[in-house]
Each structure stands twice: as structure tokens, then as C-alpha cells.
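Undergrad:
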Amino acid sequence: MRAIYWLLPGQLAGRRGPGWTPWDPAELWAAGLRTVVSLIKSGGDGLEAAGLDHHIAPLAGMALFNFQKDRLVKKMLPLIDLVAREIEAGRPVLVHCRAGKDRTGALLAGYLIRYRDRSPEAAIRLVREVNPRAMTAPGFIRLPQLIAEAT
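Residue numbers for the sequence shown follow the working numbering, beginning at 771 and rising by one.
1) Rounding to the nearest angstrom, what Cα-Cα distance links Arg-903 and Cys-867 in this structure?
2) Pull the bridge partners of Trp-776 from the DSSP assignment, please.
3) Output yes or no for whether 9 Å exceeds the beta carbon distance between Arg-841 and Gly-821.
4) Here's the rule I'm using: 16 or more other beta-carbon atoms within 10 Å means buried, otherwise exposed. How should Ser-808 be labelled?
5) Less than 8 Å between the CB atoms is what I'm expecting for Pro-914 and Ala-869, so what's the real figure, rounded?
6) Answer with buried or exposed for Pro-788, where buried requires no fewer than 16 other C-beta atoms within 10 angstroms of its C-beta.
7) Check whether the Cβ atoms of Val-843 and Leu-782 lie closer than 9 Å to each other.
8) Could I get the ranges of all uninterrupted alpha helix (DSSP H) runs contained in the segment 809-890, with 4 residues as the minimum, in chain order?
9) Would you kindly check if the distance between the Cβ of Leu-882 and the Cβ of Leu-777 is under 9 Å?
10) Going by C-alpha distance, which of Gly-909, Thr-874, Glu-797 is nearest Arg-898?
11) Do Arg-786 and Lys-839 count as a contact pair if the criterion is CB distance below 9 Å?
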């Protein structure tokens with residue numbers, strides 16, 4: 771499947787948004803995905819028609835300043851919990867933002883921290899093993915630690 775990187779094979783994946791790399795919702799379904807979490811306002815055309823649950827929760831694309839980081843973490847925590855519920859229900863999840871690396875990477879790392887007992891450092895390493903560009907924009911590398919502190 772084009773542009774998808776599996777953090778937990780068969781359970782949790784990340785990807786660029788369809789604005790960067792177009793997707794076919796039927797292919798997402800065929801790949802075993804059942805839920806899509808969009809961290810941007812657009813990009814969900816055809817998902818529900820293909821049988822996928824679609825949750826839209828736009829997050830700011832910049833995490834440069836402490837007040838923005840705190841706000842971003844507060845918005846991420848319920849999304850991390852949503853991802854956990856979907857996985858627990860046997861519904862594999864795809865998370866995406868525009869580029870599929872910073873917001874997506876931080877949310878995936880947050881899941882590992884909150885639900886798989888990983889340290890922030892281990893979570894970052896595991897996410898970067900499947901997407902080396904993850905959390906490379908200024909400020910995003912700090913988000914996993916803030917998620918751990920909020921847990």
C-alpha cells in the first residue's frame with residue numbers, strides 16, 4: 771500500500787494525507803484498515819463510502835512555543851485514547867496529517883507511551899524506525915515527553 775507505514779503491523783499505521791499522496795479508500799479497506807484519524811480538516815473523501823470510520827480532529831501544524839505544545843498535547847490525549855479503543859475493538863487505525871510525519875508521528879508515539887508502556891525515547895525511536903522523517907519539524911520532538919508527563 772503506497773505511503774503507509776505500519777507502526778504496529780495490522781493494528782496501527784501512519785501516512786501522508788491524500789493531498790500529498792492520493793489514496794484509494796478501497797485500497798485502505800483492503801489493507802485491513804477500518805478507522806482513519808485525520809489530523810487535518812480535509813482529506814476524507816470516499817472513506818465512509820468504502821466502509822471506513824473517519825474521525826476528523828485538526829491539530830495545529832506547528833509546535834514551536836510552549837503554550838502551543840501544551841494545547842497540542844491536550845488535544846492529542848483524547849485522540850490517543852480513541853486510537854486505543856479502536857485497536858482494542860479489533861479495528862486497525864490509520865493516522866494521517868498533511869505530511870504524515872510530525873503530528874502523525876507524535877500521536878503514534880503518544881499511543882506507545884500511554885498504551886504500550888514505552889518511554890518517550892523508545893517511542894520516538896520506534897516511530898522513526900518506520901518513518902525516519904517523523905517529528906523532525908521544530909518542537910515536535912518534545913511532544914512525546916509532554917504526553918508522558920500528562921499521562
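Here a beta-carbon is modelled for each residue, glycine too, at the ideal position from N, C-alpha and C.
TA: With the structure as the only source:
1) Mapped onto the sequence shown, residue 903 falls at position 133. Mapped onto the sequence shown, residue 867 falls at position 97. Going by the C-alpha atoms only, they are around 13 Å apart.
2) The count along the sequence shown starts at 1 and reaches residue 776 at position 6. Per DSSP, Ala-783.
3) Position 71 of the sequence shown, counting from 1, holds the residue named residue 841. Position 51 of the sequence shown, counting from 1, holds the residue named residue 821. It is not a contact, given that the beta carbons lie outside the stated cut-off.
4) Counted from its first residue, the sequence shown places residue 808 at position 38. Ser-808 comes out buried.
5) The sequence position of residue 914 within the sequence shown is 144, counting from 1. The sequence position of residue 869 within the sequence shown is 99, counting from 1. Not confirmed; about 18 Å, so no contact.
6) Along the sequence shown, one-based indexing puts residue 788 at 18. Buried is the call here.
7) To locate residue 843, count along the sequence shown from 1; it is residue 73. To locate residue 782, count along the sequence shown from 1; it is residue 12. No. Outside cutoff.
8) 836-858, 873-885
9) As a first step, residue 777 must be located in the sequence shown, where it is residue number 7. As a first step, residue 882 must be located in the sequence shown, where it is residue number 112. In contact: Leu-777 and Leu-882 (Cβ atoms closer than 9 Å).
10) Locating residue 898 in the sequence shown gives position 128, where the first residue counts as 1. Residue Thr-874 is the option with its Cα nearest to Arg-898.
11) Along the sequence shown, read from residue 1 onward, the residue named residue 839 stands at position 69. Along the sequence shown, read from residue 1 onward, the residue named residue 786 stands at position 16. No; because the gap between Cβ atoms is not below 9 Å, this pair is not in contact.
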